[in-house]
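Peer 1: Numbering (the working numbering), first residue to last: 315 to 658. Every residue gets a Cβ at the ideal spot worked out from N, C-alpha and C, and that includes glycine. These numbers come from a predicted model, not from an experiment. Here it is: the structure, laid out below.
Put into structure tokens, the structure is as follows:
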């Protein structure tokens, strides 16, 4: 099967499993699909199970690393119940380990899939990120000196602005330029709004929203250099887009009251992850064990963190965790941001 055939047959499987529109699949397979990120199994000349493992620049504890976003896991109806998805996940996690990913992140479609990914044979994922629906209201008047509108053409300066404003976020899965423009196309296909605020042709703010429904508009992402610019963008949504109310899903720590679970994750490379933790917390002392990693057994072991170093020990610690439990232990209490994901 050549690369073009593999892409087409993976798309056929995606269509069968998820029922997305052809326009959405055009967007995904033109902008995000790469053969080297396609983990797949073939039977009788067709792709019968597959998942996409997409690399992302990630900031954790003030350091930068590589993580992977796992999406599009599906198996053809005639081949379900044979353990193919388990094989795909095993290969995906080995691929992530061999390409230096520190974390694997995914967004389950529902609670049933959340329980599926929690199982050791599927990776022992745990919920890492939580969201909270809130109202957004302007906290002041709009700035009349700003030009605000929805440009017909999206220049690269939109991504440059977005990247500069978000690059120092301490806990974030950062969209690449390709991811960013794929998200803009996704929003545009669904009738949403891409609103820009400029001063003397220099971008001051960017707001990406879904379409207005029943007088409500939901913000997907908003970055601005000041509260005044943010107010101006929100005033535009109310005045020019027909919105009566504005809603947003904030990323919040797992301790936040009223939160809802969102993305799941697991550590792919335990030693690298723990070294990142220590760089941010050099005085941390911890004795912990990792067990139950069926896909990357190199991670299973007992670890001591002290004096700014990570070492492996033979002494069993009082606390044992899964690779998902280790990720949740350090990240679920943080507002770990996943922005512009194509899951909405």
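1) By the DSSP assignment, the alpha helix (DSSP H) with residue 640 in it spans what residues?
2) With respect to the alpha helix (DSSP H) encompassing residue 480, which residues constitute its N-terminal and C-terminal limits?
3) Using the Cβ count rule (16 or more neighbours within 10 Å means buried), how would you classify residue 426?
4) Output the distance between the C-alpha atoms of residue 525 and residue 501, rounded to the nearest integer angstrom.
5) What number of angstroms, rounded off, separates the C-alpha of residue 395 from the C-alpha of residue 428?
6) On the premise that residue 331 lies in contact with residue 388, defined as a C-beta separation below 8 Å, what is that separation, rounded to the nearest angstrom?
7) Beta-carbon within less than 7 Å of residue 453's beta-carbon, same chain only, minus the 5 sequence neighbours each way: which residues are those?
8) Please confirm whether residue 418 has its beta-carbon closer than 9 Å to some beta-carbon of chain E.
9) I need the boundaries of the alpha helix (DSSP H) containing residue 591, first residue and last residue.
10) From residue 468 to residue 384, what does the alpha carbon distance come to, in whole angstroms?
11) Identify, in the order they occur along the chain, each residue of the same chain with its Cβ nearer than 6 Å to the Cβ of residue 586, setting aside the five sequence neighbours on each side.
12) Pull up the CB-CB distance for residue 376 and residue 594, whole angstroms please, since I reckon it's below 8 Å.
13) Please name the residue or residues paired with residue 616 in a DSSP beta bridge.
14) Taking just the CA atoms, how far does residue 650 sit from residue 639?
15) By the 10 Å Cβ neighbour count, where 16 or more other Cβ atoms means buried, how is residue 597 classified, buried or exposed?
16) Let me know if residue 486 comes out buried or exposed under the rule of 16 or more other beta-carbons within 10 Å of its beta-carbon.
17) Cα-Cα, which of 512, 529 and 548 is closest to residue 522?
18) Note down, in chain order, each residue of its chain lying with its Cβ closer than 7 Å to the Cβ of residue 602, except the 5 sequence neighbours on either side.
19) Can you tell me whether residue 317 is buried or exposed? The criterion is at least 16 other CB atoms within 10 Å of its CB, across all chains shown.
20) By the three-class DSSP mapping on this structure, what secondary structure does residue 556 have?
Peer 2: Considering the structure as presented:
1) Working through the chain shown from its first residue, we reach residue 640 at position 326. Segment 637-645, the alpha helix (DSSP H) holding residue 640.
2) Position 166 of the chain shown, counted from the start, is the residue given in the question as residue 480. Its alpha helix (DSSP H) spans residues 470-480.
3) Working through the chain shown from its first residue, we reach residue 426 at position 112. With fewer than 16 other Cβ atoms within 10 Å, it is exposed.
4) By one-based count along the chain shown, residue 525 stands at place 211. By one-based count along the chain shown, residue 501 stands at place 187. Cα to Cα, the separation comes out at about 8 Å.
5) Position 81 of the chain shown, counting from 1, holds the residue named residue 395. Position 114 of the chain shown, counting from 1, holds the residue named residue 428. Cα to Cα, residue 395 sits roughly 18 Å from residue 428.
6) In the chain shown, residue 388 corresponds to position 74, counting from 1. In the chain shown, residue 331 corresponds to position 17, counting from 1. Confirmed, Cβ separation roughly 3 Å.
7) On the chain shown, position 139 is the one that residue 453 refers to. If we look at residue 453 and ignore the five residues flanking it on each side, its Cβ neighbours are 541 and 545.
8) Of the protein chains in the structure, only one exists, and it is not chain E.
9) As a working note, residue 591 is residue 277 in the chain shown. 584-594 is the extent of the alpha helix (DSSP H) around residue 591.
10) Here the question's residue 468 lines up with position 154 in the chain shown. Here the question's residue 384 lines up with position 70 in the chain shown. Going by the C-alpha atoms only, they are around 28 Å apart.
11) As a working mapping, residue 586 is identified with position 272 in the chain shown. Correct list, in chain order: 416.
12) As a first step, residue 376 must be located in the chain shown, where it is residue number 62. As a first step, residue 594 must be located in the chain shown, where it is residue number 280. With a Cβ gap of about 5 Å, residue 376 and residue 594 count as contacting.
13) Here residue 616 is taken as the residue at index 302 of the chain shown, counted from 1. DSSP output for residue 616 lists 603 and 627 as bridge partner(s).
14) In the chain shown, residue 639 corresponds to position 325, counting from 1. In the chain shown, residue 650 corresponds to position 336, counting from 1. In a straight line, the C-alpha of residue 639 is about 16 Å away from that of residue 650.
15) By 1-based counting over the chain shown, the position of residue 597 is 283. Exposed, because fewer than 16 other Cβ atoms sit within 10 Å of the Cβ of residue 597.
16) Within the chain shown, residue 486 is the residue found at index 172, counting from 1. Residue 486 is buried by the Cβ-count criterion.
17) For the purposes of this step, residue 522 is taken as the residue at position 208 of the chain shown. Ranking 512, 529 and 548 by Cα distance to residue 522 puts 548 first.
18) Taking the first residue of the chain shown as 1, we reach residue 602 at position 288. Once the five neighbours on either side are set aside, the close Cβ partners of residue 602 are 617, 631, 633 and 635.
19) Looking up residue 317 in the chain shown gives position 3. Residue 317 is exposed by the Cβ-count criterion.
20) The residue given as residue 556 occupies position 242 in the chain shown. Three-state result, residue 556: coil.
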